[in-house]
Amino acid sequence: MAMKTTNHLKITGIPLLNGSRFYIEIGYNVANIGIHFDVRFDHEKDHHVIVINSRKEGIWSAEQRDKRFPFKQGEKFKVIINFSKNKFLVSMPGNIILSFPNRFAADKFMFIRVRGDLRIKGFDIM
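Everything in the sequence shown is counted per full-length UniProt numbering, starting at 1 for the first residue and increasing by one.
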């Protein structure tokens, strides 16, 4: 199923109690990702940070980091991702909205992936 600019992706889940990170990706395939939204509780040198990036032909671009961190291990959350040809908007708990450029200027993506240390409770494209 394609995700278009007229859709939004809603994911609800619970981060695992001892988990280090989870991420959501929207793009064309694993080598071409429009948005990589990475919630890092304790991953490598990162602690309580959100990292957003994109990937073209397998090469990561300049990342964006945000220290606002509304996620808690063991507590249910909801994330909603919308996009236009210009940008992605990510709505998170605490009424936080992050903006990230759509570096592909695409109006449709065919690949969605959610991985990491969480239990997915809901996954909807509306």
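Note that beta-carbon positions come from the ideal geometry of N, C-alpha and C, so glycine has one too. All of these numbers come straight from a predicted model, not from anything done at the bench.
Going along the chain, which residues of its own chain have a beta-carbon closer than 6 Å to the beta-carbon of residue i, five neighbours each way excluded?
i, result
"I52", "F37, Q64, F100"
"S84", "T5"
"G116", "R21, F22, Y23"
"N29", "F111"
"E25", "I33, H36, R113"
With distances taken from CA atoms, which of the options is nearest residue i?
i, options, result
"R113", "S61, H8, Y23", "Y23"
"V79", "I33, G34, G94", "G94"
"K87", "K67, K76, K108, K72", "K108"
"V54", "D117, N102, G13, P15", "A quick correction: the sequence has Ser, not Val, at residue 54. If we check each option's Cα against that of S54, N102 comes out closest."
"A62", "G34, F71, G13, G116", "G34"
So, for residue i: in the same chain, excluding its five sequence neighbours on each side, which residues have a beta-carbon less than 7 Å away from its beta-carbon?
i, result
"F69", "H48, V49, I50"
"K67", "V49"
What's the C-alpha gap between residue i and residue j?
i, j, result
"L98", "K45", "22 Å"
"A105", "G74", "36 Å"
"I125", "S91", "15 Å"
"residue 147", "I59", "No statement about residue 147 is possible, as the shown extent of the chain runs from 1 to 126 and does not include it."
"G27", "D42", "25 Å"
"G19", "F77", "15 Å"
"M110", "L17", "31 Å"
"K56", "K72", "31 Å"
"H8", "G122", "13 Å"
"M3", "P15", "24 Å"
"D119", "N32", "Here residue 119 turns out to be Arg, not Asp, going by the sequence shown. Approximately 25 Å between the Cα atoms of the pair."
"N82", "L89", "5 Å"
"T12", "I96", "16 Å"
Using a 10 Å radius around the Cβ and a threshold of 16 neighbouring Cβ atoms, would you call residue i buried or exposed?
i, result
"R21", "buried"
"R40", "buried"
"M1", "exposed"
Give a yes or no on whether 9 Å exceeds the smallest Cβ distance from residue i to chain B.
i, result
"K67", "Among the chains of the structure shown, chain B does not appear; only one protein chain is present."
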